[in-house]
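Residues 0 to 441 in numbering that gives the first Met the number 0 are what the sequence shown spells out, letter by letter.
Built from N, CA and C at the ideal position, the CB exists for glycine as well.
All figures in this text were calculated on a predicted structure; none of them were measured in a lab.
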Amino acid sequence: MTTIQELTTNLSQTEDMHERETLSKQLTEAIRKQDILWAAFCPATKHYFLAQEENQITAYLFSSEELCLDFKEQMKKRHIMLEALKNEEQHRMFLFAELFRCGVTQIVLDSAENYFAVPLFALMPVPDYSNLPLVQRPVLNPAVTGKLLLLMQDMRWGRADGNTELDALQEIYHSPFLHPFKAGENGEPDEAGVYQMPDGGSLFMIFTDLYSLKTANPAEYARAKIVRFADLHQLLTEHPEKTGIIINPGSGAPMLLDMQLLELTQKAAEGDLSEVTVRSMNENSGRVIVTKPEMPNHDMINHITDYVKDKKIIHRIWLRTIRKEEEIRPHYLIIIDWMDGIEKEQRKQIRKEISEVAMPFARGLHIEYVSYHYEHGKAWTGSSEPFYIAETPETAKTADNAEIPETPENTETKMPAPQKAEPKKETPKKKGFFSGLFGKKS
């Protein structure tokens with residue numbers, strides 16, 4: 000029987016589209032049916048480990064305990080503490096259902112050079128609760144649960160940045176929640192629904208879904224209603240003596256909202272960031288790590304070379320990998336030493352055409368570009384050799400003038416992210432809201 004690791008290796012090595020489709024179907028079925036898979040689990044939040052991959056909330060599964068433990072050690076080097084959680088085939092659909100509840104939209108299997116990324120809904124039926132009233136639906140809005148877990152998870156490790164926070168706040172602003180309440184003296188609802196905390200403070204409690212509500216077991220609050228942002232704001236306005244609102248009490252990742260944060264949430268959702276003045280909790284969010292690819296991608300290199308060799312537009316090309324320190328998987332980085340006279344718009348078109356020939360062999364990784372004439376372009380080549388050198392006298396000119404740092408190939412190059420990057424402009428990180436609201440990081 001072909002193993003998952005053999006299937007992922009075969010998938011990464013073939014360019015035949017029919018064969019790739021067949022292998023993908025076999026891998027998808029193997030994820031459903033393999034006797035045992037292993038999942039990356041986050042003890043800090045008591046939930047599966049999540050990451051943001053190309054705008055997808057992603058969970059990580061592994062075909063062997065060894066691969067999961069290796070991933071755990073790699074994350075430990077980034078001060079992310081995980082555990083390997085065993086999942087048997089008989090519990091596989093429960094795993095998928097829990098990942099869906101937590102906002103996961105993508106699974107990455109065996110997160111290594113030969114990995115397999117698959118949409119969660121290729122593994123399980125899409126739940127349809129449209130025939131149920133909101134208050135009776137098991138899951139109201141998975142996206143808000145996922146964004147909150149990402150935020151609380153990153154806060155535990157001091158890695159949350161302004162963008163993570165804004166994502167969570169915008170989901171809170173637009174999402175419905177469950178608010179439990181207890182009956183009044185005559186059996187009528189007590190609209191306050193106050194939850195008394197052990198320390199004597201009073202908080203209103205709300206939940207993202209029925210599972211979270213039942214986990215908290217608010218026995219005195221047997222009923223629930225739907226509340227939205229305007230309702231939450233009104234609750235605290237009418238009860239100024241209350242400390243705030245707690246989301247998912249009883250879970251491993253509760254979140255506290257006070258009136259100040261509610262007002263910031265509304266302003267952020269409306270695009271007003273004028274009062275976002277607290278520093279970011281992730282001081283190193285701008286750093287990038289550039290290395291050589293773990294395995295040479297000869298297919299991609301050969302197709303890029305075939306495209307450029309007769310065009311007389313490029314002196315040299317390097318292939319590296321690049322990732323921000325907080326990212327799990329790297330991107331490919333193509334460094335291009337252009338010939339003279341290649342204008343900006345022409346460069347843009349050439350990069351697009353290079354992507355078209357390279358992407359079928361990129362193993363699902365995104366491709367970034369940088370020009371060699373930028374200072375960081377030179378630095379990011381490290382001591383590596385270009386995989387393409389044009390056979391023209393002009394090659395010697397750029398080679399003689401190059402200032403390439405002596406960086407061993409088996410080490411990582413760490414340096415600040417560029418301030419003037421040609422290929423892609425990223426949205427600046429927003430400063431954090433939460434530093435003074437949550438106390439110590441556990």
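Just tell me which of the options has its CA closest to the CA of residue i.
i, options, result
"D127", "F386, A121, A29 and V138", "V138"
"L98", "T144, S129, K76 and V307", "T144"
"P359", "N296, P385 and H314", "N296"
"T207", "R155, A361, P253 and P239", "P253"
"Y306", "W317, D339 and S354", "S354"
"L231", "M204, V107 and Y387", "M204"
"E170", "A268, K24, L26 and V134", "A268"
"Y47", "G102, Q25 and N9", "G102"
"E52", "E72, T104 and A39", "T104"
"L81", "A116, H330 and K45", "K45"
"V356", "M151, S129, I300 and Y172", "I300"
"E384", "A361, T290, K323 and Q348", "T290"
In the DSSP output, which residue or residues are listed as bridge partners for residue i?
i, result
"E52", "Q55"
"Y368", "I333"
"V138", "D208"
"V107", "Y59 and A116"
"P179", "A223"
"L260", "Looking at the DSSP assignment, L260 forms no beta bridge with any residue, so it has no partner."
"A83", "A39"
"H46", "C41"
"M16", "Answer is none; M16 lacks a bridge partner."
So is residue i buried or exposed if we call it buried at 16+ other beta carbons inside 10 Å?
i, result
"K413", "The predicted model places K413 with a pLDDT of 38, which falls under 50 and marks its position as unreliable; any figure quoted below should be read in that light. Per the 10 Å Cβ criterion, exposed."
"E65", "exposed"
"S382", "exposed"
"Q345", "exposed"
"L131", "exposed"
"S11", "buried"
"R222", "exposed"
"W379", "buried"
"M92", "exposed"
"E411", "Low per-residue confidence applies at E411: pLDDT is 39, beneath 50, and the placement is therefore not dependable enough to give any value."
"M16", "exposed"
"E367", "buried"
"K146", "buried"
By the DSSP assignment, the alpha helix (DSSP H) with residue i in it spans what residues?
i, result
"R315", "From DSSP, R315 is part of no alpha helix (DSSP H) but of the beta strand (DSSP E) over I313 to K323."
"V307", "H297 to V307"
"L442", "Residue 442 lies beyond the stretch modelled for the chain, which goes from 0 to 441, so this question has no answer here."
"P141", "P141 to R155"
"G340", "First-last for G340: undefined, no H or E at that position."
"G243", "That residue, G243, is in no alpha helix (DSSP H); its beta strand (DSSP E) goes G243 to I246."
"G376", "E374 to W379"
Which residue comes first and which comes last in the beta strand (DSSP E) that contains residue i?
i, result
"A38", "I35 to C41"
To the nearest whole angstrom, what separates the beta carbons of residue i and residue j, a pair I think is in contact under 8 Å?
i, j, result
"R442", "A50", "The structure shown does not extend to residue 442, since the chain is modelled only from 0 through 441, so no value can be given for it."
"A121", "T57", "The pair is not a contact, with the Cβ atoms about 14 Å apart (cut-off 8 Å)."
"L84", "A38", "5 Å"
"D153", "E87", "Rounded, the Cβ-Cβ distance is 30 Å, inconsistent with contact."
"M338", "K311", "7 Å"
"D109", "Q4", "7 Å"
"F386", "L318", "6 Å"
"I341", "I316", "No, I341 and I316 are not in contact; Cβ-Cβ is about 13 Å, not under 8 Å."
Answer yes or no: does any C-beta atom of chain C fall closer than 8 Å to that of residue i?
i, result
"E18", "Chain labels in this structure do not include chain C; a single protein chain is all it has."
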